[in-house]
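Peer 1: So the sequence shown is numbered by the numbering used here: it starts at 27 and just counts up by one. Glycine included, each C-beta is placed from N, C-alpha and C at the ideal position. Predicted model, so just to flag it, every value in this text is computed and none were measured.
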Amino acid sequence: MDSDSASDEGGEEPKPTRAEPEAASPFPAASPLDGSALSAVKATGEEGVAAAVARARKAQPGWAGTDLRERIDLLSKLKGRILSRAEEIADLVHRECGKPVEEAALAEVLPNADLVDYWTASIEELLEPSTLELDALSYPGKVGVVHREARGVIALITPWNYPVAIPLRSLIPALLAGNAVVFKPSEITARSGALVASLFDGLLPAGVLELVQGGGDAGAALAGSDVDLVVFTGSVATGKRIAVACAERLVPCSLELGGKDAAIVLADCNLERTAQGIVWGAFTNAGQNCASIERVYVERAIADKLTERVVAITKELRPGVDTAVLTTQRQCDIVRRHVAAALSSGSEVLAGGAPEEGSLAFPPTVVKIASEDTPLMKDETFGPILPIVVVESADEAVARANDSRFGLTASVWTKRINKGHEIAKRLRAGVVTINNHGFTAALPGAPWTGTGESGHGVTNGPHALSEFTRPRFVLEDRNGGKRELWWYPYTPVLRAVAFGMAKARGGTGFFGRIAAVFSLLSAVPKRLMGG
Ligand code: NAD
Numbered sequence: 027m028d029s030d031s032a033s034d035e036g037g038e039e040p041k042p043t044r045a046e047p048e049a050a051s052p053f054p055a056a057s058p059l060d061g062s063a064l065s066a067v068k069a070t071g072e073e074g075v076a077a078a079v080a081r082a083r084k085a086q087p088g089w090a091g092t093d094l095r096e097r098i099d100l101l102s103k104l105k106g107r108i109l110s111r112a113e114e115i116a117d118l119v120h121r122e123c124g125k126p127v128e129e130a131a132l133a134e135v136l137p138n139a140d141l142v143d144y145w146t147a148s149i150e151e152l153l154e155p156s157t158l159e160l161d162a163l164s165y166p167g168k169v170g171v172v173h174r175e176a177r178g179v180i181a182l183i184t185p186w187n188y189p190v191a192i193p194l195r196s197l198i199p200a201l202l203a204g205n206a207v208v209f210k211p212s213e214i215t216a217r218s219g220a221l222v223a224s225l226f227d228g229l230l231p232a233g234v235l236e237l238v239q240g241g242g243d244a245g246a247a248l249a250g251s252d253v254d255l256v257v258f259t260g261s262v263a264t265g266k267r268i269a270v271a272c273a274e275r276l277v278p279c280s281l282e283l284g285g286k287d288a289a290i291v292l293a294d295c296n297l298e299r300t301a302q303g304i305v306w307g308a309f310t311n312a313g314q315n316c317a318s319i320e321r322v323y324v325e326r327a328i329a330d331k332l333t334e335r336v337v338a339i340t341k342e343l344r345p346g347v348d349t350a351v352l353t354t355q356r357q358c359d360i361v362r363r364h365v366a367a368a369l370s371s372g373s374e375v376l377a378g379g380a381p382e383e384g385s386l387a388f389p390p391t392v393v394k395i396a397s398e399d400t401p402l403m404k405d406e407t408f409g410p411i412l413p414i415v416v417v418e419s420a421d422e423a424v425a426r427a428n429d430s431r432f433g434l435t436a437s438v439w440t441k442r443i444n445k446g447h448e449i450a451k452r453l454r455a456g457v458v459t460i461n462n463h464g465f466t467a468a469l470p471g472a473p474w475t476g477t478g479e480s481g482h483g484v485t486n487g488p489h490a491l492s493e494f495t496r497p498r499f500v501l502e503d504r505n506g507g508k509r510e511l512w513w514y515p516y517t518p519v520l521r522a523v524a525f526g527m528a529k530a531r532g533g534t535g536f537f538g539r540i541a542a543v544f545s546l547l548s549a550v551p552k553r554l555m556g557g
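#1: On the three-pair Cβ rule with 8 Å, is the region 362 to 376 touching the region 387 to 404?
#2: Measure the Cβ-Cβ separation of D243 and V179 and say whether it is below 8 Å.
#3: Which residues in the same chain as A50 place their Cβ atom closer than 7 Å to its Cβ, once the five residues preceding and following it in sequence are excluded?
#4: Check E48 in the structure and name its three-state DSSP category.
#5: At what residues does the beta strand (DSSP E) containing W439 begin and finish?
#6: Whose C-alpha, out of K84, M555, A301, is nearest the C-alpha of G507?
#7: May I ask you to report which of helix, strand or coil DSSP gives V392?
#8: Over what stretch of residues does the beta strand (DSSP E) that includes C316 continue unbroken?
#9: Under 8 Å between the Cβ atoms of A312 and V351?
#10: What ranges does the alpha helix (DSSP H) occupy inside the region 184 to 233, keeping only unbroken runs of at least 4 residues that lie completely in it?
#11: For K441 versus C295, is the C-beta spacing smaller than 8 Å?
#12: Check whether the region 125 to 142 and the region 355 to 365 are in contact - that is, three or more C-beta pairs closer than 8 Å.
#13: I'd like to confirm something about F465: is its beta-carbon nearer than 7 Å to some heavy atom of the ligand NAD, or not?
#14: Do the CB positions of S371 and V393 come within less than 8 Å of each other?
#15: Nearest by alpha-carbon distance to E493: which of R177, S110, K103, K105 is it?
#16: Quick check: the Cα distance between A301 and I339, rounded to an integer number of angstroms?
#17: Within 7 Å: the Cβ of C358 and any heavy atom of the ligand NAD?
#18: With a threshold of 7 Å, establish whether the CB of P54 neighbours any heavy atom of the ligand NAD.
#19: Is it buried or exposed for H447, if we count other Cβ within 10 angstroms and need 16 for buried?
#20: Count the C-beta pairs between the region 401 to 417 and the region 307 to 326 that are closer than 8 Å, then say yes if the count reaches three, no if not.
#21: Might you give, ordered along the chain, the residues of its own chain that have their beta carbon closer than 6 Å to the beta carbon of A200, omitting 5 neighbours on each side?
#22: Where are the alpha helix (DSSP H) runs, 4 residues long or more, that stay fully inside the region 114 to 158, in chain order?
#23: Can the beta-carbon of T435 be found closer than 8 Å to that of G464?
#24: Alpha carbon to alpha carbon, how far is A220 from V190? Give it in angstroms, no decimals.
#25: Taking only heavy atoms of the ligand NAD into account, decide whether any of them is closer than 7 Å to the Cβ of P381.
#26: Grab me the residues of R452's own chain with a C-beta within less than 6 Å of its C-beta, minus the 5 sequence neighbours each way, in chain order.
#27: Per DSSP, which residues does G409 bridge with? Please list them.
#28: By Cβ distance below 6 Å, which residues in the same chain neighbour I108 in space, the five residues on each side in sequence not counted?
#29: Tell me whether K529, by its Cβ, gets closer than 7 Å to a heavy atom of the ligand NAD.
#30: Apply the 10 Å Cβ neighbour rule to R97 and answer buried if 16 or more other Cβ atoms are within range, or exposed otherwise.
#31: For H120, count the other beta carbons within 10 Å of its own beta carbon; 16 or more makes it buried, fewer makes it exposed. Which is it?
#32: Is DSSP giving A289 helix, strand or coil here?
#33: Please list the terminal residues of the continuous beta strand (DSSP E) segment that includes G564.
#34: Which term fits G533, buried or exposed, when burial requires 16 or more other beta carbons within 10 angstroms of its beta carbon?
#35: Terminal residues of the continuous beta strand (DSSP E) containing D99?
#36: What are the start and end residues of the beta strand (DSSP E) that includes S280?
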């Protein structure tokens, strides 16, 4: 394990519960921030992945069989571990990803403590079996109960942009619900992934949480292995590959994919708040955020004022200090290409532009868009670029916002809250915020989900439990009668009962219903006597 083990408040030195990754494999060796060396990571080979899944498979029934209260008590300890290692976590994410320490602390530490509180406080109620209401006349003596069972072994495959928060959002509820998890962090942020796994050291029985390290090969091996569910956050292209692998094995997958979020600005908005909010929504983590604002549609009446203020605020930001550096050269190349293509079709850079050659500190950039027929407006850019489009009306803004294959989050900026809600209903997005953007991923009770190519997974909140559990319906029958109405033999009396029931339920109007009830009063006892 690369990262240090955590120790419990005054407790014994925790023992590692996961297997060491094996076999050397290339991972980024240097920090995107300053080129300083990062610690070595060992990749897990294909056999190692299969062995990790087998260990998880073996451990899972015992873990699911523990008392839920015991699992809650164990996982409650995570909060103290996360908070006591706040600086270590923020510093590692800062060095490995290149995001400012402030952002690392705010996005990768604090919401995780809230996650622990939320799930440990609510899981008992959320997993409580529910009794199904059954009509005593049609189903005499029967009691039905819906239980929520753990899925089994879950493969968790995550990206590099929020390397601590994203895995924890799934790990905590998945483990509380009684699953075992095999976790593969992004190869770009393998050390942060190891740190996440180390937070659980000594808390879980061996095999309940397995860490495997590696790139696409390890991910593909894991997605195609003997798991019961794949929970994936990452790009659309990889998400489609995972969906195919899961279809081959007929196991479900949860996909949280890319975005091209729109911000709709109405003429009556609070100008200063809107400009500040949009700048943050576009440039936090240098736009390497699935919910980054990547399109602004502003009503003409306020467009000049908004653009002027957005440009002024943007020019005050220090690239690489207030905004993250881009985490990879590949990402930097994509962002450059998108900006260059937009410029070649007549768009104009109002602030920023491009980084110095060889630097990943891409300056926050505002672009006035001339034509939307360009990758900057169609594909996910995942960089610090804020494209602005002027529209004539809110209706036009909604139509343009919805004209995308993505549908993750969107925001509406207006002082008319009712108008904001009306627009929210018409937007094709999993999350809509009025006068804010993107931060709701940090609210553990709020579902985070998308439509279209943003995927169908749900993270956070009670709905997320549908990913990590499956319903099991158990019916008990205390009816002591010899047989049910609908069992053999099929007779003319049964036929009369069946059609009588259809009439009694409203098939022939009010008087037909009354007549049917009387005919059933004689037919049903006959049937129960064997007729
Ligand atoms: P990616 O798809 O390249 O990689 C994601 C993970 O998949 C990594 O762990 C990678 O090793 C693994 N992987 C790669 N090929 C694989 C394969 N064939 N089979 C199985 N696993 C494989 O994505 P990325 O570049 O790490 O992340 C950026 C993307 O993630 C962006 O599109 C972003 O919008 C998206 N994202 C979405 C959300 C959300 O909540 N919707 C959150 C964060 C990031």
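Peer 2: Straight from the coordinates:
#1: yes
#2: Your numbering for residue 243 matches position 217 in the sequence shown. Your numbering for residue 179 matches position 153 in the sequence shown. No. Outside cutoff.
#3: Position 24 of the sequence shown, counted from the start, is the residue given in the question as residue 50. Note that A50 scores 47 on pLDDT, short of 50, meaning its location in the model is unreliable and no value can be drawn from it.
#4: Counting from one through the sequence shown, the residue named residue 48 turns up at place 22. In this prediction, E48 has a pLDDT of 42, which is less than 50 and means its spatial position is unreliable; nothing more can be read from the coordinates.
#5: The count along the sequence shown starts at 1 and reaches residue 439 at position 413. Run containing W439: 435 to 439, per the beta strand (DSSP E) assignment.
#6: Position 481 of the sequence shown, counting from 1, holds the residue named residue 507. Closest option to G507, Cα to Cα, is M555.
#7: Residue mapping note: residue 392 aligns to position 366 of the sequence shown, counting from 1. Of the three classes helix, strand and coil, the one that applies to V392 here is strand, per DSSP.
#8: On the sequence shown, residue 316 is found 290 positions in, with the first residue counted as 1. Segment: none, C316 is in no beta strand (DSSP E) and carries neither H nor E.
#9: In the sequence shown, residue 312 corresponds to position 286, counting from 1. In the sequence shown, residue 351 corresponds to position 325, counting from 1. Yes. Within cutoff.
#10: 191 to 202, 216 to 224
#11: Here residue 441 corresponds to residue number 415 of the sequence shown, with the count starting at 1. Here residue 295 corresponds to residue number 269 of the sequence shown, with the count starting at 1. Against a cut-off of 8 Å, the Cβ pair of C295 and K441 comes out as a contact.
#12: no
#13: Within the sequence shown, residue 465 is the residue found at index 439, counting from 1. F465: no, Cβ never under 7 Å from the ligand NAD.
#14: The residue given as residue 371 occupies position 345 in the sequence shown. The residue given as residue 393 occupies position 367 in the sequence shown. No, Cβ-Cβ distance for S371 and V393 is not below 8 Å.
#15: Within the sequence shown, residue 493 is the residue found at index 467, counting from 1. Looking at the Cα atoms, R177 is the closest of the given residues.
#16: On the sequence shown, residue 301 is found 275 positions in, with the first residue counted as 1. On the sequence shown, residue 339 is found 313 positions in, with the first residue counted as 1. Whole-angstrom Cα-Cα distance: 8 Å.
#17: Translated into the one-based positions of the sequence shown, residue 358 becomes position 332. It does not: the Cβ of C358 is nowhere closer than 7 Å to a heavy atom of the ligand NAD.
#18: In the sequence shown, residue 54 corresponds to position 28, counting from 1. No.
#19: Start at 1 with the first residue of the sequence shown, and residue 447 comes out as number 421. Flag for H447 reads exposed.
#20: yes
#21: To locate residue 200, count along the sequence shown from 1; it is residue 174. Closer than 6 Å at the Cβ level, and outside the excluded window around A200, lie I180, V207, F494.
#22: 127 to 134, 136 to 153
#23: One-based indexing of the sequence shown puts residue 435 at position 409. One-based indexing of the sequence shown puts residue 464 at position 438. Contact: yes.
#24: As a working mapping, residue 190 is identified with position 164 in the sequence shown. As a working mapping, residue 220 is identified with position 194 in the sequence shown. Near 10 Å, if we compare the C-alpha coordinates of A220 and V190.
#25: In the sequence shown, residue 381 corresponds to position 355, counting from 1. Because no heavy atom of the ligand NAD lies under 7 Å away, the Cβ of P381 does not count as near it: no.
#26: If you number the sequence shown from 1, residue 452 lands on position 426. Only V424 meet the Cβ criterion.
#27: Taking the first residue of the sequence shown as position 1, residue 409 is located at position 383. Per DSSP, none; premise fails for G409.
#28: The count along the sequence shown starts at 1 and reaches residue 108 at position 82. Excluding sequence neighbours, I108 sits near N138, A139.
#29: What you label residue 529 is simply residue 503 of the sequence shown in a count that begins at 1. Because no heavy atom of the ligand NAD lies under 7 Å away, the Cβ of K529 does not count as near it: no.
#30: Stepping through the sequence shown from its first residue, residue 97 is reached at position 71. Counting Cβ neighbours within 10 Å, R97 comes out buried, since at least 16 surround it.
#31: Taking the sequence shown and counting its residues from 1, one reaches residue 120 at position 94. Label assigned to H120: buried.
#32: By 1-based counting over the sequence shown, the position of residue 289 is 263. In the structure shown, A289 sits in a strand (DSSP, three-state: E or B).
#33: This structure does not reach residue 564, given that the chain is present from 27 up to 557, and the question cannot be answered.
#34: Within the sequence shown, residue 533 is the residue found at index 507, counting from 1. Exposed is the call here.
#35: Position 73 of the sequence shown, counted from the first residue, corresponds to residue 99. No beta strand (DSSP E) holds D99; the alpha helix (DSSP H) holding it covers 94 to 110.
#36: Residue mapping note: residue 280 aligns to position 254 of the sequence shown, counting from 1. Element bounds for S280: 279 to 282.
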